[in-house]
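Before any comments, here is the structure.
4 protein chains.
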Amino acid sequence: MLLTRGNAGTVPSVAETKAVGRGAPGRARTPRAEREQQMIEAASALFSEHGFGGVSMDDIAKASGITKPMLYAYFDSKEGLFSACAEQAGEELRDDLREVSERRHLAADQRLWEGIDLLFKFVEENHDSWLLLYPDGALAAGSIGSGAVAARDETVELLTHLFKRTAQEQGLSDQALAHIEAIAHTFTAATISAASHWAKHADEPRDVAALRLMNLLWMGCGALLEGRLWLPEAGR
Amino acid sequence: MLLTRGNAGTVPSVAETKAVGRGAPGRARTPRAEREQQMIEAASALFSEHGFGGVSMDDIAKASGITKPMLYAYFDSKEGLFSACAEQAGEELRDDLREVSERRHLAADQRLWEGIDLLFKFVEENHDSWLLLYPDGALAAGSIGSGAVAARDETVELLTHLFKRTAQEQGLSDQALAHIEAIAHTFTAATISAASHWAKHADEPRDVAALRLMNLLWMGCGALLEGRLWLPEAGR
Amino acid sequence: MLLTRGNAGTVPSVAETKAVGRGAPGRARTPRAEREQQMIEAASALFSEHGFGGVSMDDIAKASGITKPMLYAYFDSKEGLFSACAEQAGEELRDDLREVSERRHLAADQRLWEGIDLLFKFVEENHDSWLLLYPDGALAAGSIGSGAVAARDETVELLTHLFKRTAQEQGLSDQALAHIEAIAHTFTAATISAASHWAKHADEPRDVAALRLMNLLWMGCGALLEGRLWLPEAGR
Amino acid sequence: MLLTRGNAGTVPSVAETKAVGRGAPGRARTPRAEREQQMIEAASALFSEHGFGGVSMDDIAKASGITKPMLYAYFDSKEGLFSACAEQAGEELRDDLREVSERRHLAADQRLWEGIDLLFKFVEENHDSWLLLYPDGALAAGSIGSGAVAARDETVELLTHLFKRTAQEQGLSDQALAHIEAIAHTFTAATISAASHWAKHADEPRDVAALRLMNLLWMGCGALLEGRLWLPEAGR
DNA sequence: AATGAATGAGGTTTCATTCAT
DNA sequence: GATGAATGAAACCTCATTCAT
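Quick mapping for you: the protein sequence lines, in order, are chains A, B, C and D.
The first sequence lines up with residues 1 to 236 when you count with the working numbering.
The second sequence lines up with residues 1001 to 1236 when you count with the working numbering.
The third sequence lines up with residues 2001 to 2236 when you count with the working numbering.
The fourth sequence lines up with residues 3001 to 3236 when you count with the working numbering.
As structure tokens, then:
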């Protein structure tokens, strides 16, 4: 779907002898880990740019220089391959988020800020990986097969967890505590959306965007923390 | 093919019974508007449940009891059909949002609340339509062709507009005003996500979810309004 | 296929009320001949530009402002309609050719010249009609259904006839006479091709192209006439 | 679709017998070149008989006993496949024509004759290939996609070239030289038409038809060569 | 006489997946 | 372990043609 068209059958030529021929007639016999990495890299690049549905296994095979049967041998299915890509894409981010969540000595606001800062930095430095996980800032994209959402969801969960910890340690009112789960979810959505938006229309320094988000979230929390509450007027 | 061309009705040949007696003896000759509605309804139901990519024109034809050529005659393409569905799905919501945005006599907080309340009500009463527009809470799902995003985007724009108006009339600090656009975008994402989340895990009354969101947003605004600002500590 | 796409079903509008509404509620009731002409004109224009296969009955209906069932009522089939167009396209040309063929008082060369001149003039003045009959200078275009070739073939026959008459009256040698049919056919092909070629790359005055063709044909004849004959050398 | 996606080979389900035992127990795993040839042969036969538009990829798949995806894997598109057929169809003829064009030691008339002879022989021996290239003696058939005309046009060009060479070396008058291009084109049309006509109504030996054409062309040239010129009478 | 609505059949193309070697 | 060859299934879309009004 991507690059096809144009190499018809008119000129069979020598055809397709990639970077093989190493003296011995037998094929490369590359160790598993290495092959796997080749595939994931090629696939990730394509998935990032064109989305899950916009890439065919043929495209990936061509781009990675590895044949389709190999792709299936290693990853079972297109979804499996995407899963592996997603897994790898956010690995570092997830590790870092996990770690931040557990830094007990940090003040709640500092921890929240570190998490947000972390995420924006990740988006900046790993734009491709980010796009792979959240194309168009979507929290979830229906088009992806059930098995493949794991990695994405884990990031969501970690963020949510971070927000929850922050809120809890902050000593929210009982009223507010009851809502933690939902609040965390909403904050997560806001965060992902803000990060994606910044990445797409990067017209301001990263810090500014990150700090603005921090303020929105923190102030929202802060108010609730202090027990202030907005309520609709009676008439309504 | 191979010589077939042109002998359509002349030689009835074999097999002439098939889609003839189907329960009702003949559903033909329905006026355009009505058929259109039938198609949109069938298509919307399917799109809501399976997403754009998960439904084929054949599926829709089968479900609506109308043949594919009719679908194309009325909507030109799958995207066109989806557009029409999306158009119709949020029509009422968009009208209402537009109207709320313009209610000049309302206090800012009241207006914001009305908008949020409106949206949650819509999600409750038109779950299918909502899913059609925001499958899984996605802000945008890359898989949809360019022409079809109009209706969805219009809702986003209207929400954003509502937030912007609210913020502006509130007299935000200059600092904050500069960020309005981005803040509105983030709020929109939070709102859509919160609404979708509530719809999916409806374990609490609608008002509670809506009010919680209102508070998060309003408090965030409020703090900024008063010029309070969170800043990271020096060291970092 | 031609103009479609873009008038989807979103805005049903008042729709398609062409130039009807004449006070009385009943439709136009245009006399048969007139309607027929409307159809043929619209169809011819399209066929000329896009070829038989490049035009759909829908296109024609849209362009002529007459509904498809009418097209079928008048012409039975797409082929029938094309036939009618072809018939009309070359009517004048055929009449003229017929007349030239019968001008007994003319010298053979003059008659030939008049025929050729006639044809080039026709091509110049009725480019569309010519293209309808001989797209790309083809003697016959396989894509056209069997029933539709009549009009085109008639032109070929008339031209062939003209050449035959010319040859016969010229008093060709017996040897040559035996070949008349084939010669005429070849001349016809040369003529049609030359005319089309000139029409497409009109980089010289019409007379020049016509005269060149005349010379090629006449000189070829002339030599045979005088009994001169080229024969391969023995060895071959 | 609708959930179908993804269960390809896991559940063999019903119907698993079909294209299995077909005479030969398994035609699979044929090397590329051979398969390619199979396809081209089957396709050529069909294209020859029914024309480009009269054959569907399904027809070809069925006739060649190879599935459609293979056709596309090897030739990219229907046009690509036709191109390959056309390419192969006239390969030998084109080579021969090229060679004849360059035989410097030959007298002009001998060269012309060899070319014509060659072509008629080709038409006789490869009737199918000829029909593929020139269905109904057409110089060009609009119905063929742009990319596919190459092979056909090359033959035309080679013939034209042959005529041009012949004319130039013959020392035509300046007047005539100016017309070479157009003359060559007309001669080409005459030649193709004559060959096709002979092939269709083969009621005379090949040599006779070829020789007649040779004479027509050569005599036409000859006259011009000697400066003789036909001009319409004054009165016009 | 005229039309809007309707359709069966087929077209090209693409994809995820798996044999047979 | 690795591959070229192969495929069933389905996708979107279009067309010539006709029925019911």
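Note that CB positions come from ideal geometry on N, CA and C, so glycine has one too.
Answer with buried or exposed for residue 1201 of chain B, where buried requires no fewer than 16 other C-beta atoms within 10 angstroms of its C-beta. Reading the second sequence from its first residue, position 201 is the one you call residue 1201 of chain B. Exposed, by the Cβ-count rule.
8 angstroms Cβ shell around residue 3168 of chain D - same chain, five flanking residues per side excluded: Along the fourth sequence, read from residue 1 onward, the residue named residue 3168 of chain D stands at position 168. Short of 8 angstroms from the beta carbon of residue 3168 of chain D, and not among the five residues preceding or following it, lie these beta carbons of its own chain, in chain order: 3177, 3180.
Which residues mark the beginning and the end of the alpha helix (DSSP H) in which residue 1069 of chain B is found? Position 69 of the second sequence, counted from the start, is the residue given in the question as residue 1069 of chain B. From DSSP, the alpha helix (DSSP H) with residue 1069 of chain B extends over 1068-1075.
CB contact check: residue 1146 of chain B to chain A, cutoff 7 angstroms: Mapped onto the second sequence, residue 1146 of chain B falls at position 146. Only weak support exists for where residue 1146 of chain B lies, its pLDDT of 48 falling under 50; the coordinates are left without a value.
Output needed for residue 2945 of chain D: all residues of its chain with C-beta closer than 7 angstroms, excluding positions within five of it in sequence on either side, in chain order. The structure shown does not extend to residue 2945 of chain D, since chain D is modelled only from 3001 to 3236, so the question has no answer here.
What three-state label does DSSP hand residue 3314 of chain D in the structure shown? The requested residue 3314 of chain D is not part of the displayed model; chain D covers only 3001 to 3236.
Do the CB positions of residue 3093 of chain D and residue 3122 of chain D come within less than 7 angstroms of each other? Within the fourth sequence, residue 3093 of chain D is the residue found at index 93, counting from 1. Within the fourth sequence, residue 3122 of chain D is the residue found at index 122, counting from 1. Yes, the Cβ-Cβ distance between residue 3093 of chain D and residue 3122 of chain D is below 7 angstroms.
Secondary structure of residue 49 of chain A, DSSP reduced to three states: Within the first sequence, numbered from 1, the residue matching residue 49 of chain A stands at position 49. The DSSP-derived three-state label of residue 49 of chain A is helix.
For residue 2095 of chain C, count neighbouring Cβ atoms within 10 angstroms of its own Cβ and tell me buried if that reaches 16, exposed if not. Taking the first residue of the third sequence as 1, we reach residue 2095 of chain C at position 95. Exposed, because fewer than 16 other Cβ atoms sit within 10 Å of the Cβ of residue 2095 of chain C.
Under DSSP, the alpha helix (DSSP H) around residue 152 of chain A begins and ends at which residues? If you number the first sequence from 1, residue 152 of chain A lands on position 152. Run containing residue 152 of chain A: 150-169, per the alpha helix (DSSP H) assignment.
Reducing DSSP to helix, strand and coil, say where residue 1010 of chain B ends up. By 1-based counting over the second sequence, the position of residue 1010 of chain B is 10. Here the model assigns residue 1010 of chain B a pLDDT of 34, short of 50, so the residue's position is not dependable, and the following value carries that caveat. Three-state DSSP puts residue 1010 of chain B in coil, outside helix and strand.
With H, G and I counted as helix, E and B as strand and the rest as coil, what does DSSP make of residue 2230 of chain C? Position 230 of the third sequence holds residue 2230 of chain C. In this structure, residue 2230 of chain C counts as coil in the three-state DSSP scheme.
Answer yes if the region 28-43 of chain A comes into contact with the region 75-84 of chain A, meaning at least three C-beta pairs across the two stretches below 8 angstroms, and no otherwise. Short answer: they touch.
At the 7 angstroms Cβ level, is residue 210 of chain A part of the contact set with chain B, yes or no? Start at 1 with the first residue of the first sequence, and residue 210 of chain A comes out as number 210. No, its Cβ sits nowhere closer than 7 angstroms to a Cβ of chain B.
Report back the beta-carbon spacing between residue 155 of chain A and residue 111 of chain A to the nearest angstrom; my notes put them in contact at under 8 angstroms. Numbered from 1 along the first sequence, position 155 holds the residue referred to as residue 155 of chain A. Numbered from 1 along the first sequence, position 111 holds the residue referred to as residue 111 of chain A. The beta carbons of residue 155 of chain A and residue 111 of chain A sit about 17 angstroms from each other, so the pair does not count as a contact at 8 angstroms.
Contact under 7 angstroms by Cβ, residue 3232 of chain D with residue 2113 of chain C: The count along the fourth sequence starts at 1 and reaches residue 3232 of chain D at position 232. The count along the third sequence starts at 1 and reaches residue 2113 of chain C at position 113. Contact: yes.
For residue 2062 of chain C, is the classification buried or exposed, using 16 other Cβ atoms within 10 angstroms of its Cβ as the cut-off for buried? Mapped onto the third sequence, residue 2062 of chain C falls at position 62. With 16 or more other CB atoms across the displayed protein chains lying within 10 angstroms of its CB, residue 2062 of chain C is buried.
Alpha carbon to alpha carbon, how far is residue 2090 of chain C from residue 3223 of chain D? Here residue 2090 of chain C is taken as the residue at index 90 of the third sequence, counted from 1. Here residue 3223 of chain D is taken as the residue at index 223 of the fourth sequence, counted from 1. Inter-residue distance for residue 2090 of chain C and residue 3223 of chain D is about 33 angstroms (C-alpha atoms, whole angstroms).
Indicate the three-state DSSP secondary structure (helix, strand or coil) for residue 2225 of chain C in the structure shown. Position 225 of the third sequence, counting from 1, holds the residue named residue 2225 of chain C. Reduced to three states, the DSSP call for residue 2225 of chain C is helix.
Express the C-alpha separation of residue 86 of chain A and residue 75 of chain A in angstroms, rounding to a whole number. As a position in the first sequence, residue 75 of chain A is number 75, starting the count at 1. As a position in the first sequence, residue 86 of chain A is number 86, starting the count at 1. So the alpha carbons of these two residues sit roughly 13 angstroms apart.
So residue 87 of chain A is in the alpha helix (DSSP H); what residue range does that whole segment cover? Here residue 87 of chain A is taken as the residue at index 87 of the first sequence, counted from 1. Here the alpha helix (DSSP H) through residue 87 of chain A covers 78-89.
From what residue to what residue does the alpha helix (DSSP H) around residue 2181 of chain C run? Taking the first residue of the third sequence as position 1, residue 2181 of chain C is located at position 181. Annotation for residue 2181 of chain C: the continuous alpha helix (DSSP H) segment containing it runs 2180-2200.
Under 7 angstroms between C-beta atoms, does residue 1142 of chain B make it to chain A? Along the second sequence, read from residue 1 onward, the residue named residue 1142 of chain B stands at position 142. Residue placement at residue 1142 of chain B is poorly supported in this model, since its pLDDT is 46, which falls under 50; the coordinates still yield a value, given next. Chain A contact via Cβ: present.
Can you list, in chain order, the residues of its chain with a C-beta nearer than 6 angstroms to that of residue 2021 of chain C? Leave out the 5 residues immediately preceding and following it. Numbered from its first residue, the third sequence carries residue 2021 of chain C at position 21. Residue confidence is low: residue 2021 of chain C scores 40 on pLDDT, short of 50, so the model does not pin down where it sits. Its coordinate-derived value is still stated next. Taking residue 2021 of chain C as the centre and dropping the five residues before and after it, the same chain places no C-beta closer than 6 angstroms to its C-beta.
Assign residue 2215 of chain C to one of three DSSP states: helix, strand, or coil. Within the third sequence, numbered from 1, the residue matching residue 2215 of chain C stands at position 215. Looking at residue 2215 of chain C - three-state DSSP - the assignment turns out to be helix.
Go ahead and label residue 65 of chain A buried or exposed: buried means 16 or more other beta carbons lie within 10 angstroms of its beta carbon, across all protein chains shown. Taking the first residue of the first sequence as 1, we reach residue 65 of chain A at position 65. Classified as exposed, residue 65 of chain A has fewer than 16 neighbouring CB atoms from the shown chains inside 10 Å of its CB.
How close, in whole Å, do the beta carbons of residue 3228 of chain D and residue 3120 of chain D come, if the pair is a contact with beta carbons under 8 angstroms? Here residue 3228 of chain D refers to the residue found at position 228 when the fourth sequence is read from its first residue. Here residue 3120 of chain D refers to the residue found at position 120 when the fourth sequence is read from its first residue. Actually they do not touch by this definition, with Cβ atoms about 29 angstroms apart.
Run down chain D in chain order and give the residues with a C-beta less than 9 angstroms from the C-beta of residue 2125 of chain C. Walking along the third sequence from the start, residue 2125 of chain C turns up at place 125. Contacts between residue 2125 of chain C and chain D, judged by CB atoms closer than 9 angstroms, are missing: the closest CB pair is about 18 angstroms apart.
Which residues in chain C have a C-beta closer than 9 angstroms to the C-beta of residue 3218 of chain D? List them in chain order. Along the fourth sequence, read from residue 1 onward, the residue named residue 3218 of chain D stands at position 218. Within chain C, the residues near residue 3218 of chain D are 2220, 2223, 2230.
With a threshold of 7 angstroms between beta-carbons, can residue 1202 of chain B be considered close to chain A, or not? Here residue 1202 of chain B refers to the residue found at position 202 of the second sequence. No, no contact with chain A.
Could you give the DSSP three-state label for residue 1100 of chain B: helix, strand or coil? Stepping through the second sequence from its first residue, residue 1100 of chain B is reached at position 100. In the structure shown, residue 1100 of chain B sits in a helix (DSSP, three-state: H, G or I).
Measuring only the C-alpha atoms, how far is residue 2217 of chain C from residue 2152 of chain C? Mapped onto the third sequence, residue 2217 of chain C falls at position 217. Mapped onto the third sequence, residue 2152 of chain C falls at position 152. Rounded to the nearest whole angstrom, the C-alpha separation of residue 2217 of chain C and residue 2152 of chain C is 22 angstroms.
Kindly list, in the order they appear in chain D, the residues whose Cβ is closer than 7 angstroms to that of residue 2090 of chain C. Start at 1 with the first residue of the third sequence, and residue 2090 of chain C comes out as number 90. Residues of chain D passing the Cβ test: none, with the nearest at roughly 18 angstroms.
Taking CB distances under 7 angstroms as the criterion, tell me whether residue 3053 of chain D reaches chain C. Numbered from its first residue, the fourth sequence carries residue 3053 of chain D at position 53. So, interface residue.
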